[in-house]
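Asker:
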Amino acid sequence: MQAEGFWLTSADAMMVEIAANLMSQQRTGQIDNPARTLLVSTLIKLGFGPTERAKMKVIPQKEEANPFDEFV
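Under our numbering, the sequence shown has 731 at position 49, and the numbering climbs by one with no breaks.
See below:
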């Protein structure tokens with residue numbers, strides 16, 4: 683989530699923890715439908731849904747310059 687959700691901050695830590703736990707259940711096949719619904723809801727609240735991302739005014743992170751690019 684950190685790599686994809688660059689807009690997340692430390693204020694989102696508890697929601698990310700919940701989502702991570704639910705995602706772990708999803709990936710190991712140990713999730714039931716109510717928990718899956720909670721996972722989707724939590725991901726949407728964190729901005730991972732297309733509609734939510736469209737509403738966000740977030741500047742994408744710039745990739746750091748590679749100091750070795752000048753030698754190529």
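In this text, a Cβ means the ideal position worked out from N, Cα and C, and glycines have one as well.
Does the beta-carbon distance from G729 to G687 come in below 8 angstroms?
Answerer: Yes, they are a contact pair.
Asker: Measuring CB to CB, does L725 end up less than 8 angstroms from I713?
Answerer: No, the Cβ-Cβ distance between L725 and I713 is not below 8 angstroms.
Asker: Alpha carbon to alpha carbon, what distance is there between G711 and R735?
Answerer: Taking the straight line from one Cα to the other gives about 28 angstroms.
Asker: Quick check on DSSP: helix, strand or coil for A747?
Answerer: Reduced to three states, the DSSP call for A747 is coil.
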